[in-house]
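First up is the structure itself, then whatever we jot down about it.
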Amino acid sequence: MCLHKQPCSRSRYLKDALPDGATLLGVVLSSNKTHITQVGNRQAHPLLISLANISADIHAKGSTKSYLLLALLPVPKFVHLNKCLCGVLADRLLHQVISIVVRPLKQAAESGHMMSDPLGNLKYCFTPLVAYIADTPEQRVVMHQRCLAT
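In the working numbering, the protein residues as written are 9 to 158.
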């Protein structure tokens, strides 16, 4: 586990591999299925994004708005009777959508992207994914671990 006072060795390696003057912006993604009762008992699956250099105390407070909505992921309903097949299809769809949504982040992680800081100065930034926060069922989906028993 990385603490803010003790940087990870991987982080140090990434920083050393950057071109001179480049900035490393570690990205944190988070998702959790949510029931929306005001719209007729529907489900939403928000994908949120934040920066890794924001302290955990600030991340834990919803009022700080340290996470931004990146996308609303689909929550499909299938009519096929084979629940395992439906689960595999839903997982595959989730992976495809996340891959499309984070494509610009992947490109910036590999080759960098010019971004402005709060003062308007341009910085050459790299955006590697450093964490994906999810509950256990979603972690299994992200890790491609689905029960294939019928």
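We put the beta carbon where it would ideally sit given N, CA and C, even for glycine.
Excluding the 5 residues preceding and the 5 following residue i in the sequence, name in chain order all residues of the same chain whose CB lies nearer than 6 Å to its CB.
i, result
"I62", "S74"
"K114", "none"
"A98", "P84"
"L137", "V35"
"S71", "none"
"K69", "none"
Taking Cβ positions, are residue i and residue j nearer each other than 7 Å?
i, j, result
"I106", "L76", "no"
"L26", "T135", "no"
"K131", "T31", "yes"
"A52", "L80", "yes"
"S39", "A142", "yes"
My assumption, with CB atoms under 8 Å, is that residue i sits in contact with residue j. Please give the rounded CB distance.
i, j, result
"L59", "V36", "7 Å"
"L94", "H103", "Note on residue identity: the sequence assigns Cys, not Leu, to residue 94. That belief does not hold up - the Cβ atoms of C94 and H103 are roughly 15 Å apart, past 8 Å."
"L101", "P82", "6 Å"
What are the partner residues of residue i, as DSSP defines its beta bridges?
i, result
"L130", "S124"
"L137", "V35"
CB-CB under 7 Å to residue i, same chain, minus the five flanking residues each way: which ones, in chain order?
i, result
"G120", "A30, Y132, C133 and F134"
"V109", "L55, L78 and A79"
Note down, in chain order, each residue of its chain lying with its Cβ closer than 8 Å to the Cβ of residue i, except the 5 sequence neighbours on either side.
i, result
"M5", "Beyond the ends of the chain as shown, which are 9 and 158, falls residue 5; an answer cannot be given."
Suppose only complete runs of 3+ residues qualify. What are the beta strand (DSSP E) ranges in the stretch 18–96, listed by chain order?
35–39, 42–44, 50–59 and 76–81
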